[in-house]
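Asker:
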Amino acid sequence: MTFFVSQADRAELTLEIIETGEKVHGLEFAIIDAIENELAMFLATDKYGEP
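11 is the number of the first residue of the sequence shown in the numbering used here; add one for each residue after it.
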């Protein structure tokens, strides 16, 4: 399942993850990597969602 989230929402989520990072003990890095990978794939697709 793919979610299309605005860059502003991604940035806000990333900051929230970083700020609460001490509570999740490293999980935030995996989540940030997943967000960055999803964003990279999103930016690599055209306006019709095709690679």
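Where is the CB? At the ideal position from N, CA and C, for every residue including glycine.
#1: If you draw a straight line from the alpha carbon of residue 47 to that of residue 26, how long is it in whole angstroms?
#2: When DSSP labels each residue in this structure, what does residue 24 get in the three-state scheme?
#3: Does DSSP put residue 54 in a helix, a strand or coil?
Answerer: From the atom records:
#1: Residue numbering aside, residue 47 sits at position 37 when the sequence shown is read from its first letter. Residue numbering aside, residue 26 sits at position 16 when the sequence shown is read from its first letter. Their backbone Cα atoms lie some 18 Å apart in a straight line.
#2: Translated into positions along the sequence shown, residue 24 becomes position 14. Looking at residue 24 - three-state DSSP - the assignment turns out to be helix.
#3: Mapped onto the sequence shown, residue 54 falls at position 44. Note: residue 54 maps to coil in three-state DSSP.
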